[in-house]
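Chemist: I'd like to ask some things about the structure below.
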Amino acid sequence: MIIQGKLYAEAPIYRGNARKTLFTRDGDGKNKLVSLAGEVEGTAQSLMDAFIGQSRDRKNIGLLNRLWQRLYSEAMPGNLINKVECKLQKESYPPNHFFDLRMGIKLDEDRWAAEANANYKMETLLRNSVFDFTMSINNSDLQLKDNVAKLYFLLQELIAGRFWFGAGKSKGLGRVRLEVDLPFSSPDIPPSLDKKANYLQINASFNAQNPVLVGWNWGKIDPLTTSFSSIEARLLIENMKDIPDDIRDRLEMAIGGPILNPDDWKQKFSEYFTRIIAIWLKEKSSKEIDTWILPAAAVTKLEKGKHALNKKLTAKLKPLADQPFSSQEDASAAFKEAFGKKANMAKRVTKFLEHQKQTQQNLNKEAWLQISNSLGIDESMFEQVSECVQDEVALEKTLTPACHRIQITLFQQVDQQIKLLQSDAWVDAEIQSREEHMQIKIMLLEGKIAEHQWSDPGMVPEGIRSTTWKNFLNDHSRVSYRHMRSADNLKKSIVNDKNQIEFLKSYRDQTRQQLTLPHHIDFRAGGPFNRDISREYGKPYDTIFMRMISWAPSSQKQHAWEVYIPGSTIKGAFRKRASQLLKTLWGETKKTSTLLDLLFGAQRQQGLVFFSDAYLIHPDDPNRSWCSMDGIRMNPQTGQPIETAKRDYLFAYGKQLSFQFQFNLQDIHVKDLTAVSLLFHLIRDFQQGEIPLGGEKTNGCGWVEANICKILWLTANGSEVHQKLFGNQPLKKNGIWQSLEIKDEATAIALKPLEPVVSDNGHAGQTPPEAKAGFISHRAFGGYCGKLVVEASLLTPMNIQESGESSYKSTLDNEQVNGFDFFSISPPEAKYRDTNKVYALPGRSIKGMLRHIYTISSDAQTESTDISRLNEVDSLFGWVGDGPNQAIMGRISFAFATFENPELAWFKVPYPYGEWHYTGNQWQKKPGSQAAALIIAKKWRLFPHAHLAPIVKQTENFEPDSVQARYFMAMLPGNKARFTIRFWNLLETELQRLIWCIALKPGLAHKMGNNRYLGFGSMNLKILPESYLIDWNKRYTEELQNNWNIPIKVNQWQSTETIKHYEALKKALNAKHL
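So for the sequence shown, my numbering puts the first residue at 188; every next one is plus one.
In structure tokens form, the structure reads like this:
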């Protein structure tokens, strides 16, 4: 009997060697065809997944064999299924026969940051791919006993999507679903099911009402990895859209070759840029004209001879000698005017006129306007440039200062493009390694490497680098020379290397195309005077959301990029939380590691829980679905932004962005119930927003609150496991299963933890854990942990500029003027922003403001140089150093502060404004002076609190009347915003200083946002009574009560003993006069 159907990849699938990247190809790999293995066989039989069969040592059996054993507690008849074929349909292949590349990183548990050289890469078949599935059944064996019924219900598991194939099953990979018309009907009497068999599926969802950013791995630059990419300057110059075409063409000819050193090339650009403009202007201002000249020699000749002119006439003629005339008529008219009554004599003179061509040098106004308008050079320089247009050296010297200003913007664009071209340099390194390894394999195939060389790293083959040879021998240390010389194996391995090189190149090209799509390009200032804010001057966002290629069933049958959150990310977040709480309560004991391995798995041990990927329920228009945020690092001494330290992010936000995923558990035994109970505790934490996903966690992203939508429980009977999990809830017959389905609100009660997680000694989390390197670790909870609920009250108007495009634009004197709204959690493109914006203070901005105060109050003048020598600020707020494993996440997280009932108004701030000074609680204008600066310890600048300067004007609407001003919407005094600050593993002195820096003392206030110098941005922060500390001894023992919450009494924590520069801070933060 032949059963034929279609097998759908509900999730991506990986089949291959754990140390390799490529999905295993059929045959010799040349045609790049793929399938799911039908039978356990070949060299990898002890580890491979296949539908049927068993390895020679009988330790690995086919997945259908396992399923049969699991359901019926007996081995599947050996000859029941003769053969299974599962080949990918032609329509599910991308054009190049390569698929998606799934990458993951491992986070160090002490630093909670990426661990060097611990990432993984695997080529996965696309989600929604379709396979042709064929199963050949032995009819005679099928008729024995109740094999028909057993096979029927076994296939029903595949039809229901309760079947996984390949690697990474617990990380979101491998789930498949079968569509088939079975040649036999459902049996009247189902076969007996193993009493221990069961299945638990928990469907969860969460929206992005709290911002989420699971960052994509692509488009990154690793400072430790050398880029192998050669960069053609021509490509960079082509993208300098502000430069006129003629200038751009000449620059390409002069300096358009390969860039060896970006700094050297920029220096060369500076030299050529102004020179080429000067040459071009001079050329455009030079024109050849026709002239008629009366030579002086001709005048002398006219004085002589038989018909000579008298001396009076020649005297009148001499001033006109050698003077150019535009035509013969003009010359004749001049002569007649000079001769007066003797005008008739002019005819004799015109015979001596000579026709000449002359070069005229007058600044071409049209050319000048093209340069000045394109590059933003002041048009009033026209006269100055006109005076030296004939002198190339002087012209270049005159233009240099103006050209230097535009170069700053151009070089920012150059750096951005170089960054993209140099990104993901690991691809180049891996390609180089594959090519070198491939060369060694070719030499082995051709017999150019002898057996005595094989085990000796010192005997390097000719033409091979010693490091390459050493690495190759290390990679193949378990392979004998005889086996390595197998021609078939070598040929297939060489094909695999070629395929991998082609795949990596192709996939990186695809990612770069994706990164440079219009909606992935940020908005930057450019154009004349830097007033045009457009994607034309932008670059790819520094971080965009994770995505993969999936098969999109449509009339075009296209492969498309799909946003998702990897199951490995969700699993990692859950494991991190579980590890932290167990190590807090039980310590780093065998009891802890055993439970973690049971629930999440370990090497050669499958975890109890399979975490699926999280997919968008309703993928929306990408322009509307994603919001932008800027990260601007400030110079602590000047209070000004550091241009080279700006970053921007495209993150998910809003109720309309909902992700759905599943937890799947199979065959829960009584001994597993402690682990299941821990999972239920974790799910409850996830529902309460205590398990963050993705990046930017300390800046308010990822703290999502999940919702359990449905629970499906399948069991053989109402066993002890059923009673423990769901009590006396009745089961319903469903095929071979007894089932229970719970939906919506009822799920909250159903997932009640079975037992508390109690501290072994009753003294959990007394002190923060410490890593071997000496820094405070994230591996467990200890010291002071909790949450501060904070209210911000504005004392003066405040502006934090919206991210992306300006919401308002106008034109004044042919120049663009922008009007900026206050920051809201909105898309970067103005036309996609909601009318009911969610105005907020970004968590990153709050963090930056408080970090600055905390730095001063801890006198952290010494820079951190190593993870083992962190200053007090970097230890708490986080730090990124140079080198591998030199980054640590902060122990404090700042949420976005949303405004409750925002009231805004328009303001106009002319510039420059440095001559205005605030002294004696009043503003004074001091013409010619520089802006005053209050600097503590010659290192940290603070802006004193002040009323708005007289130069500031509040307006009714956006009505610009000058280009020399900034126009923006500001939150008015009295507006309130609320946010939370999560903290963990704090020392007592750290919490004291943190609370002082937030709440301050009466009469003191904070300042943040733009134009602080002129009085904007003053606000009070108040820690509200809902704030609490966590008692870890009670945290997982109290049922749905907050008895583990210890209220924070702020006044008891506001000690000034830990505050350095206290008097200076008191003076600088004084806001009593407001």
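Even for Gly, the Cβ is constructed at its ideal location relative to N, Cα and C. In this text, all values refer to a predicted model and were calculated from it rather than measured experimentally.
#1: Within the chosen definition, does the segment 1136 to 1145 reach the segment 1188 to 1202 through at least 3 CB pairs nearer than 8 Å?
#2: Mind listing, in chain order, the continuous beta strand (DSSP E) runs of no fewer than 3 residues lying wholly within the segment 282 to 347?
#3: If you compare alpha carbons, which of 1041, 970 and 1066 is closest to residue 1174?
#4: Residue 1208 to residue 1158, Cα distance in whole Å?
#5: Under three-state DSSP, which class holds residue 1193?
#6: Under the rule that 16 or more other beta-carbon atoms within 10 Å means buried, what is residue 275, buried or exposed?
#7: Mind checking whether residue 1262 and residue 838 have CB atoms under 9 Å apart?
#8: In whole angstroms, what separates the C-alpha of residue 878 from that of residue 309?
#9: Is residue 1154 near residue 1131, with beta carbons less than 9 Å apart?
#10: Mapping the DSSP letters down to three states, classify residue 1079 as helix, strand or coil.
#11: Helix, strand or coil: which one does DSSP assign to residue 604?
#12: Per DSSP, what kind of secondary structure is residue 754 in: helix, strand or coil?
#13: Between residue 229 and residue 240, which are expected to be in contact by the criterion C-beta below 8 Å, what is the C-beta distance as a whole number of angstroms?
#14: Pull the bridge partners of residue 1053 from the DSSP assignment, please.
#15: Please list the segments of the alpha helix (DSSP H) lying wholly inside the segment 769 to 851, counting only runs of 4 or more residues, in order along the chain.
#16: What does residue 226 pair with, by DSSP beta-bridge criteria?
#17: Rounded to the nearest angstrom, how far is the Cβ of residue 763 from that of residue 787, given a contact under 8 Å?
#18: I'd like to check one pair, residue 489 with residue 539: are the Cβ atoms closer than 9 Å?
#19: Do residue 795 and residue 857 have their C-beta atoms closer together than 9 Å?
#20: Counting only beta-carbon separations shorter than 9 Å, does residue 995 have a partner in chain B?
#21: Just tell me which of 1204, 1235 and 1143 has its CA closest to the CA of residue 1183.
#22: Nearest by alpha-carbon distance to residue 464: which of 483, 434, 477 and 474 is it?
#23: Within a Cβ cutoff of 8 Å, which residues of the same chain sit near residue 631, ignoring the five residues on either side of it in sequence?
#24: Report the CB separation of residue 1128 from residue 824 in whole angstroms; it is logged as a contact under 8 Å.
#25: Name the DSSP beta bridge partners of residue 880, please?
#26: From residue 403 to residue 732, what distance separates their C-alpha atoms?
#27: From 1046, 1027, 427 and 655, pick the residue whose C-alpha is nearest to that of residue 1251; which is it?
#28: Compare the beta carbon distance of residue 211 and residue 273 with 9 Å and say whether it is the shorter of the two.
#29: Counting C-beta neighbours from all protein chains within 10 Å, is the total for residue 1031 16 or more, i.e. buried, or is it exposed?
#30: Would you kindly report the start and end of the unbroken beta strand (DSSP E) that includes residue 1325?
#31: Flag this pair as yes or no: are the beta carbons of residue 637 and residue 408 separated by less than 9 Å?
#32: For residue 887, which residues in the same chain have their Cβ closer than 6 Å to its Cβ, ignoring the five residues on either side in sequence?
#33: Buried or exposed for residue 742, going by 16 or more other Cβ atoms inside 10 Å?
#34: Assuming residue 1248 contacts residue 1044 under a Cβ cut-off of 8 Å, what Cβ separation, rounded to an integer in Å, is found between them?
#35: Could you tell me the alpha carbon to alpha carbon distance between residue 658 and residue 642, rounded to whole angstroms?
#36: Please list, in chain order, all residues of the same chain as residue 833 whose beta carbon is under 6 Å from its beta carbon, the five residues on each side excluded.
Modeler: Walking through what the data contain:
#1: yes
#2: 287 to 291, 307 to 311 and 317 to 324
#3: 970
#4: 16 Å
#5: strand
#6: buried
#7: No answer is possible for residue 1262: the residues shown for the chain start at 188 and end at 1261.
#8: 27 Å
#9: no
#10: strand
#11: helix
#12: helix
#13: Not confirmed; about 11 Å, so no contact.
#14: 1056
#15: 777 to 787 and 809 to 812
#16: 239
#17: About 10 Å separates the two Cβ atoms, so there is no contact after all.
#18: yes
#19: no
#20: You won't find chain B in this structure, because it holds only one protein chain.
#21: 1235
#22: 434
#23: 671, 672 and 677
#24: 6 Å
#25: DSSP output for residue 880 lists no bridge partner at all.
#26: 5 Å
#27: 1046
#28: no
#29: buried
#30: Residue 1325 lies beyond the residue range present for the chain, which begins at 188 and ends at 1261; the question has no answer from this structure.
#31: no
#32: 1030, 1081, 1082 and 1083
#33: Confidence at residue 742 is low in this model, with a pLDDT of 39, below 50, so the placement of that residue is unreliable and no value is reported for it.
#34: 7 Å
#35: 12 Å
#36: 819
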